[in-house]
Amino acid sequence: KREILYAFHDIDGTHSLIRDWPPVMSIVLHYVSEGGVPDGYDSDENLKKIIDMTGTKPLPETDSFCIESAGLSALTQMEWAIRRAIDRGHIDIPCDKEDNRRKIEMIRKGEEIFEIPDSKELTDFLAVHTPRLFKFYEKVLNGFCRDKNLALAKKDPDRFIVDGSKEFLAYLHAHGVKNYFVTGAVVEKGMGMHEEVETLGFEIGEGKLIEDLIGSTWTDKIPKDEIMERLMKKLGADGKNILVIGDGRSEISAGVKMGALCVSRLEKKDTFRRNLHKELGTHILVESYNEEDFKHLMA
Numbered sequence: 657k658r659e660i661l662y663a664f665h666d667i668d669g670t671h672s673l674i675r676d677w678p679p680v681m682s683i684v685l686h687y688v689s690e691g692g693v694p695d696g697y698d699s700d701e702n703l704k705k706i707i708d709m710t711g712t713k714p715l716p717e718t719d720s721f722c723i724e725s726a727g728l729s730a731l732t733q734m735e736w737a738i739r740r741a742i743d744r745g746h747i748d749i750p751c752d753k754e755d756n757r758r759k760i761e762m763i764r765k766g767e768e769i770f771e772i773p774d775s776k777e778l779t780d781f782l783a784v785h786t787p788r789l790f791k792f793y794e795k796v797l798n799g800f801c802r803d804k805n806l807a808l809a810k811k812d813p814d815r816f817i818v819d820g821s822k823e824f825l826a827y828l829h830a831h832g833v834k835n836y837f838v839t840g841a842v843v844e845k846g847m848g849m850h851e852e853v854e855t856l857g858f859e860i861g862e863g864k865l866i867e868d869l870i871g872s873t874w875t876d877k878i879p880k881d882e883i884m885e886r887l888m889k890k891l892g893a894d895g896k897n898i899l900v901i902g903d904g905r906s907e908i909s910a911g912v913k914m915g916a917l918c919v920s921r922l923e924k925k926d927t928f929r930r931n932l933h934k935e936l937g938t939h940i941l942v943e944s945y946n947e948e949d950f951k952h953l954m955a
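For the sequence shown, our numbering assigns the number 657 to the initial residue and increments by one for each residue that follows.
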């Protein structure tokens with residue numbers, strides 16, 4: 657038994673179901689890894705084409721990458737596609753091809769920061785195109801499902817909340833645990849992820865159900881483990897007093913590294929990720945926060 661003072665929660669797939677992001681991420685990464693970033697790749701014409709293609713057929717490489725990379729910074733996921741396009745010869749830029757190939761594999765294994773620097777040309781190229789591609793991905797996401805689901809959630813929020821999520825958060829809050837939402841998405845007040853969280857009825861602010869919502873930016877690649885470590889230091893907290901809940905490898909591996917109690921929220925049919933999370937060292941696997949065994953463990 658340990659005393660839990662703080663809880664760091666992922667949002668997408670962990671509490672919110674508004675963003676059906678994997679098929680969107682898969683088609684965008686496929687589009688770039690197979691064709692590079694030609695002039696106008698993020699045009700309105702291409703936007704409509706990609707939205708229409710989303711989820712229409714299996715894309716084995718990028719479908720599996722999205723499962724493996726859940727929880728990584730979106731900028732890192734965009735970087736992977738660009739590096740893959742370079743590896744395939746769709747983008748011609750001076751760089752060490754073997755080093756680029758190693759970094760592709762490192763990203764697949766959950767790494768985001770690399771000790772060996774890239775060539776100046778590749779560094780500059782990534783600095784321009786990863787945020788640009790990230791913004792394009794968000795536009796595809798909005799057009800494919802996010803905006804439609806957000807409108808539906810305003811009328812029926814419970815439809816887009818993981819079973820038992822609100823009750824679990826309220827239980828933690830009532831017992832003095834400070835809940836923090838931590839996401840790889842960009843957080844801007846009243847927009848995007850912030851708007852989604854508030855639409856679902858999760859109040860944000862000091863002393864409220866969610867103490868704070870902490871996320872990424874359009875341009876700075878901040879791995880989730882770094883976001884979580886910064887927050888832990890800011891709170892002056894000890895890992896053993898933190899609960900980490902998520903469905904991505906990043907937050908769970910970060911939680912294990914911090915010495916936190918880790919809960920993986922994954923559907924029972926998601927055997928690949930369940931096995932991956934077991935290998936990472938998660939402590940509890942749960943599909944619904946209403947499961948009796950889970951409630952007993954958390955009591």
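Note that the Cβ used here is the ideal one computed from N, Cα and C, for glycine as well.
Keep in mind the model is a prediction, meaning the values are calculated, not measured.
Residue pairing for L899: DSSP places it in a beta bridge opposite A663 and L917. Within the model, the alpha-carbon separation for D949 versus I940 is close to 10 Å.
Annotation: the continuous alpha helix (DSSP H) that includes K811 extends over D803 to K811.
Pairing S725 with I674, the inter-Cα distance amounts to about 19 Å. When the beta-carbon positions are compared, L778 and M734 stay at least 8 Å from each other. Within the DSSP secondary-structure output, V842 pairs in a beta bridge with S872.
For the pair S672 and T873, the Cα-to-Cα distance works out to about 20 Å. Burial check for R658: the Cβ neighbour count within 10 Å stays below 16, so the residue is exposed. When the alpha-carbon of G902 is set against those of T670, A663 and Y662, the nearest one is in T670. When the beta-carbon positions are compared, L936 and V919 stay at least 8 Å from each other. Comparing alpha-carbon positions, the option among M884, R744 and E754 lying closest to L728 turns out to be M884.
H686 is the residue among I738, H686, R929 and D676 whose C-alpha sits nearest the C-alpha of P716. DSSP, reduced to helix, strand and coil, places L941 within a strand of the structure shown. Relative to the Cα of K822, the nearest Cα in the group I866, L806, K795 and Y697 belongs to I866. Comparing C-alpha distances from C722 to each of E690, G766 and G892 shows the shortest one belongs to G766. For W736, same chain residues with a beta-carbon under 6 Å away, outside a window of 5 residues either side, are I763 in chain order. Assigned with DSSP and collapsed to three states, F790 falls in helix.
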